[in-house]
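**Q** This is the structure, below, for whatever I ask next.
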Amino acid sequence: MNDLGHELQSRLDFLGEESSSASVNFEDWLNVRVTALPFLKGWQNASRSAQAERIIAEIAAILDERTNAALSTASPAWLLRLVELWHAENAAVVTFNYDPLVESAINEAGLIHFHSRGANRVLADTQVFPAPPAPPAVYYLDNDSPNSSSLQLLKLHGSLNWYWSSGDRLGTTLSRTRERRTFAGRRVVPEPEDFTGTKMLDRFLVPPVSTKSAYYSPYLTNALWRSAHDHISRAKSLTIIGYSLPKTDQVGTELLATVPREAQVRLIDFTPGNQDDDASLAGRVNALNGSIDHVWSGARSVPDFVQSLSQELSGKLFDVTPTKPDADVLVALPVGAGDTSEPSIFIACRTENGNIGTVDIDFPLIARSQMPPRAMAFNSLPAGYREFDSFIRVGRLREMLDAGVPPTVIHNDREFLIVSIEYNLIGPWDVALLTTSEERPLEHLSPNVDD
């Protein structure tokens, strides 16, 4: 049994010491605890059902403590890079985890959504969907809607900030609080009062067991799983990070088995085992569609995968020949990289040593300007500060990268990896926007992180 199971036993007297052997899988142990047994009387199974609710509440309490401890520290560099890459890929991220650490990383990363009217910061609360309804808006950020040009996070087993009146088969009582935390004890905005009493309800957490029928009744669960199935059944690639495919989670395994046979499958785990061993994680994943294209293992499995994905996306910038070689190149840098706390947009220019640099530009004026963005930026600079032909357009950018110039942007002595390029029309002007991720040392992942 893992440390969560042992901690539950130490906190809940009614669990006793049965099934405390280290050889017992936590999901197997919990499955027995929350399942009605046919040889017991009705009142005995009713008592077990009440105990199951108590177990779920205690799981939430334990994870609250661990989440608060994790969010009191600095964010892992690999996690920030990963959500930046997911943002650039427009990825569908399916998770069975209850904690909001990915959401906090999204809030921390300062992701930028670029559109013809400007740029907005992407916050986690809008990217977790389907999700329960939220309380009335308090801050202007609360009015944001889901952003289809960024990642989508699907939390199939619920979330620590989701609540309901336990046993509500229709899901009419489902609600959530908005997740605005980042790391190092910070928040995007102060936490508002819980005027609606959402936190007085029970947590909506689907236990990691094989018998989940009661939790599949609410509309939200069906919407989540069907959305996940839609993504997985059409996926060109499937990346599995830290999910053990436990035998007790038969529904989760069946979901992943719908991945197309031609899809690329990648596995990242501390100890995945061998693909030829049917009992190992790698063997079970291999059985999903007949092959695993790449496996990352060991203490550096996640950071190494993140670094590999960074290089992969950066190397695909011009897989498709650009159709707008004369478009000016704008650069989106994470929030805080510029002079304000708002999304930062710059125009790309060639530095003195031939690399890709930045120059400030009045982004909101581009749509109304009679001059292309590079002329706007040039005219705003002191005479002789830059040569006009130092401003980079798409055709020149491709020539530079083909010639071996690093696919990075230098800004205020900070280095940002280019991970995607997209084209847009701002007013009358064609522009290309570079999405970037700050270059950081990707420290290793601790081997005792839970799935």
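Counting from 538, one number per residue, gives the positions in the sequence shown under the working numbering.
C-beta: ideal position from N, C-alpha, C; glycine also.
In or out: Lys736 buried (at least 16 other Cβ within 10 Å) or exposed?
**A** Residue numbering aside, residue 736 sits at position 199 when the sequence shown is read from its first letter. So Lys736 counts as exposed.
**Q** As a quick exercise: from Ala912, Gly734, Asp540, pick the residue whose alpha carbon is nearest that of Arg923.
**A** Here residue 923 refers to the residue found at position 386 of the sequence shown. Of Ala912, Gly734, Asp540, the residue nearest in Cα terms is Ala912.
**Q** Whole angstroms are fine: how far does the CA of Arg933 sit from the CA of Pro871?
**A** To locate residue 871, count along the sequence shown from 1; it is residue 334. To locate residue 933, count along the sequence shown from 1; it is residue 396. Roughly 24 Å separates the two Cα atoms.
**Q** Cβ-heavy atom distance between Pro909 and the ligand HEM below 6 Å?
**A** Of ligands this structure carries none, so the ligand HEM is not represented either.
**Q** Have a look at Gly695 and Val639 and give me their C-alpha separation to the nearest angstrom.
**A** As a first step, residue 695 must be located in the sequence shown, where it is residue number 158. As a first step, residue 639 must be located in the sequence shown, where it is residue number 102. Approximately 14 Å, taken between the alpha carbons.
**Q** Could you compute how far the alpha carbon of Leu1027 sits from the alpha carbon of Glu889?
**A** Limits of the chain in this structure are 538 at one end and 988 at the other, which puts residue 1027 out of reach.
**Q** Considering Leu567, what are the terminal residues of the alpha helix (DSSP H) in which it resides?
**A** Residue mapping note: residue 567 aligns to position 30 of the sequence shown, counting from 1. Here the alpha helix (DSSP H) through Leu567 covers 563-571.
**Q** Whose C-beta lies closer than 6 Å to the C-beta of Glu976 among residues of the same chain, with five residues either side of it excluded?
**A** In the sequence shown, residue 976 corresponds to position 439, counting from 1. If we look at Glu976 and ignore the five residues flanking it on each side, its Cβ neighbours are Glu952, Leu954.
**Q** Which of the three DSSP states is assigned to Leu660 in this structure?
**A** Residue 660 sits at position 123 when you count from the first residue of the sequence shown. Residue state, collapsed to three classes: coil.
**Q** When the Cα of Ile592 is compared with those of Asp705, Ala836, Ser774, Gly542, which residue comes out closest?
**A** As a working mapping, residue 592 is identified with position 55 in the sequence shown. Cα-wise, what sits closest to Ile592 is Gly542.
**Q** For Val896, report the span of its alpha helix (DSSP H) as first-last.
**A** In the sequence shown, counting from the first residue as 1, residue 896 sits at position 359. No alpha helix (DSSP H) holds Val896; the beta strand (DSSP E) holding it covers 893-897.
**Q** Would you mind giving the Cβ-Cβ distance between Ala765 and Val631, rounded to the nearest angstrom? I have them listed as a contact below 8 Å.
**A** The residue labelled residue 765 in the question sits at position 228 within the sequence shown. The residue labelled residue 631 in the question sits at position 94 within the sequence shown. Yes, they are in contact, since the Cβ atoms of Ala765 and Val631 sit about 5 Å apart, within 8 Å.
**Q** Going by DSSP, name the residue or residues bridged to Val802.
**A** For the purposes of this step, residue 802 is identified with residue 265 of the sequence shown, where counting begins at 1. Its beta-bridge partners are Leu775.
**Q** Counting pairs of beta carbons, one from the stretch 790-810 and one from the stretch 774-782, are three or more of them closer than 8 Å?
**A** Yes: at least three Cβ pairs fall under 8 Å.
**Q** How many angstroms separate the CA atom of Trp941 from the CA atom of Thr973?
**A** As a first step, residue 941 must be located in the sequence shown, where it is residue number 404. As a first step, residue 973 must be located in the sequence shown, where it is residue number 436. The displayed chain sequence assigns Gly, not Trp, to residue 941. One C-alpha to the other measures close to 18 Å.
**Q** Helix or strand or just coil, what does DSSP make of Ile963?
**A** Counted from its first residue, the sequence shown places residue 963 at position 426. Note: Ile963 maps to strand in three-state DSSP.
**Q** For Leu616, which residues in the same chain have their Cβ closer than 6 Å to its Cβ, ignoring the five residues on either side in sequence?
**A** As a working mapping, residue 616 is identified with position 79 in the sequence shown. The residues are Ala642.
**Q** Skipping 5 residues on each side, what residues in its chain have a beta carbon closer than 6 Å to that of Ala969?
**A** As a working note, residue 969 is residue 432 in the sequence shown. Around Ala969: Ala864, Val866, Val931, Ile958, Tyr960.
**Q** With distances taken between CB atoms, is the gap from Ile929 to Ala914 smaller than 7 Å?
**A** On the sequence shown, position 392 is the one that residue 929 refers to. On the sequence shown, position 377 is the one that residue 914 refers to. Not in contact: Ile929 and Ala914 (Cβ atoms no closer than 7 Å).
**Q** Pick out the complete beta strand (DSSP E) segments inside the stretch 632-714, 3 residues or longer, and give them in chain order.
**A** Listed in chain order, they are 649-652, 655-658, 689-692, 695-701.
**Q** Between the beta-carbon of Ile649 and the beta-carbon of Ala869, is there less than 7 Å?
**A** Your numbering for residue 649 matches position 112 in the sequence shown. Your numbering for residue 869 matches position 332 in the sequence shown. Going by C-beta atoms, Ile649 is nearer than 7 Å to Ala869.
**Q** Under the three-state reduction of DSSP, which class applies to Ile829: helix, strand or coil?
**A** Residue numbering aside, residue 829 sits at position 292 when the sequence shown is read from its first letter. Ile829 falls in the coil class under three-state DSSP.
**Q** For Ile929, which three-state DSSP category applies?
**A** Counting from 1 along the sequence shown, the entry for residue 929 is found at position 392. Coil.
**Q** Let me make sure I understand the geometry here. Which of Ala583, Asn644, Pro673 has the alpha-carbon closest to that of Asp731?
**A** Counting from 1 along the sequence shown, the entry for residue 731 is found at position 194. Taking only the C-alpha atoms, the option nearest Asp731 is Pro673.
**Q** How would you call Phe741, buried or exposed, if buried means at least 16 neighbouring beta carbons within 10 angstroms?
**A** Start at 1 with the first residue of the sequence shown, and residue 741 comes out as number 204. Burial call: buried.
**Q** Rounded to the nearest angstrom, what separates Ala819 and Leu854 at their Cα positions?
**A** Indexing the sequence shown from 1 puts residue 819 at position 282. Indexing the sequence shown from 1 puts residue 854 at position 317. Approximately 31 Å, taken between the alpha carbons.
**Q** Is Ser702 closer than 7 Å to Leu738 when the C-beta atoms are compared?
**A** Start at 1 with the first residue of the sequence shown, and residue 738 comes out as number 201. Start at 1 with the first residue of the sequence shown, and residue 702 comes out as number 165. Against a cut-off of 7 Å, the Cβ pair of Ser702 and Leu738 comes out as a contact.
**Q** Could you tell me if Thr877 is buried or exposed, where buried requires 16 or more neighbouring beta carbons within 10 angstroms of its beta carbon?
**A** Looking up residue 877 in the sequence shown gives position 340. Per-residue confidence for Thr877 stands at a pLDDT of 39, beneath the threshold of 50, marking its modelled position as unreliable; the derived number appears in the next sentence. Exposed: under 16 other Cβ atoms inside 10 Å.
**Q** Rounded to the nearest angstrom, how far is the Cβ of Val725 from that of Ser847, given a contact under 8 Å?
**A** The residue given as residue 725 occupies position 188 in the sequence shown. The residue given as residue 847 occupies position 310 in the sequence shown. Going by Cβ atoms, the distance from Val725 to Ser847 rounds to 25 Å, so no, they are not a contact pair.
**Q** Distance check for Pro901 and Arg723, CA to CA, integer angstroms please.
**A** For the purposes of this step, residue 723 is taken as the residue at position 186 of the sequence shown. For the purposes of this step, residue 901 is taken as the residue at position 364 of the sequence shown. Using only the alpha carbons, I get a separation of about 29 Å.
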